[in-house]
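Everything below concerns the one structure shown next.
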Amino acid sequence: MKADQDVFVNVPLLYTLLTHYAHTNTIYGHIYPNNWVERQGKWAVDKRTLPVDQYPIYAAGNAYIMSTDAAATVLRLAPYFPYVPVEDAFITGILASVGDVDRIHMSGFTKWSDPLPDECEFINNEIFVGNNATVHDLRIIWWHIMIPNIAGC
Numbered sequence: 000m001k002a003d004q005d006v007f008v009n010v011p012l013l014y015t016l017l018t019h020y021a022h023t024n025t026i027y028g029h030i031y032p033n034n035w036v037e038r039q040g041k042w043a044v045d046k047r048t049l050p051v052d053q054y055p056i057y058a059a060g061n062a063y064i065m066s067t068d069a070a071a072t073v074l075r076l077a078p079y080f081p082y083v084p085v086e087d088a089f090i091t092g093i094l095a096s097v098g099d100v101d102r103i104h105m106s107g108f109t110k111w112s113d114p115l116p117d118e119c120e121f122i123n124n125e126i127f128v129g130n131n132a133t134v135h136d137l138r139i140i141w142w143h144i145m146i147p148n149i150a151g152c
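First residue of the sequence shown: 0, per this note's numbering; consecutive thereafter.
Shown next as structure tokens:
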């Protein structure tokens with residue numbers, strides 16, 4: 000699993016997903032369908048580095064899960080490609096596409112621009128991961144998952 004530092008991971012729900020629904024050669028997350036390659040701004044990629052106009056489908060970089068064999072495929076392919084500075088699009092899009100790795104959209108994964116979900120969404124097992132959390136938020140949400148009645152959900 001890859002997760003940014005401001006991401007809360009609903010470990011009990013994630014455990015259920017991985018023990019009952021895990022597939023080989025797969026990346027799970029919030030999947031973007033063929034986003035345009037930015038040529039200016041924060042996520043700019045030079046046309047010489049990536050001469051196509053759209054990325055293949057890829058997982059939002061704030062959090063995603065990759066099966067072990069998918070990770071091995073991506074790692075094996077990486078040295079043969081110029082690095083694209085948009086990490087999520089490079090790893091879970093370009094390399095995963097070349098390696099024929101499946102990408103599965105999971106609605107319980109947020110993307111970077113989403114606000115932090117309400118703690119009840121975690122307690123009620125609606126959300127796998129939520130981003131934009133402070134350290135305080137992380138502790139409070141975990142406390143409420145461990146003792147769900149205190150949240151009033």
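All C-beta atoms in this analysis are idealised placements derived from N, C-alpha and C, irrespective of residue type, glycine included. In this text the structure is predicted, and so the values were computed from the model without any measurement.
Exposed or buried, residue i, counting other C-beta atoms within 10 Å across all chains shown (16 or more means buried)?
i    : result
T91  : buried
L17  : exposed
E118 : buried
L74  : exposed
I26  : buried
I146 : exposed
F108 : buried
N9   : buried
V100 : buried
Three-state secondary structure (DSSP) at residue i?
i    : result
Y57  : strand
A77  : helix
G28  : strand
I140 : helix
F89  : helix
V97  : helix
A70  : helix
M145 : helix
H22  : coil
Are any of the Cβ atoms in chain D nearer than 7 Å to that of residue i?
i    : result
E118 : Here chain D cannot be found, since the structure has a single protein chain.
Quick one: what's got a C-beta closer than 6 Å to residue i's C-beta in the same chain, skipping five residues either side?
i   : result
W61 : Contrary to the premise, residue 61 reads as Asn rather than Trp in this sequence. If we look at N61 and ignore the five residues flanking it on each side, its Cβ neighbours are D3, V6, W111, N130.
P32 : I56
Report all residues from its chain with a CB closer than 7 Å to the CB of residue i; omit the five preceding and five following residues, and keep chain order.
i   : result
W35 : D52, Q53
E37 : A43, V44
How close, in whole Å, do the beta carbons of residue i and residue j come, if the pair is a contact with beta carbons under 8 Å?
i    : j   : result
R102 : A58 : 6 Å
I56  : I30 : 6 Å
Leaving out five residues before and five after residue i in sequence, what residues of the same chain have Cβ atoms less than 8 Å from its Cβ?
i    : result
W142 : I149
V83  : V44, T48, L49, F89, I93
Please determine whether the Cβ atom of residue i lies at a distance below 6 Å from any heavy atom of the ligand ZN.
i   : result
T67 : You won't find the ligand ZN in this model; it holds no ligand whatsoever.
Indicate whether the contact test is met: 3 or more Cβ pairs, each with one atom in the stretch 45-57 and one in the stretch 116-133, closer than 8 Å.
no
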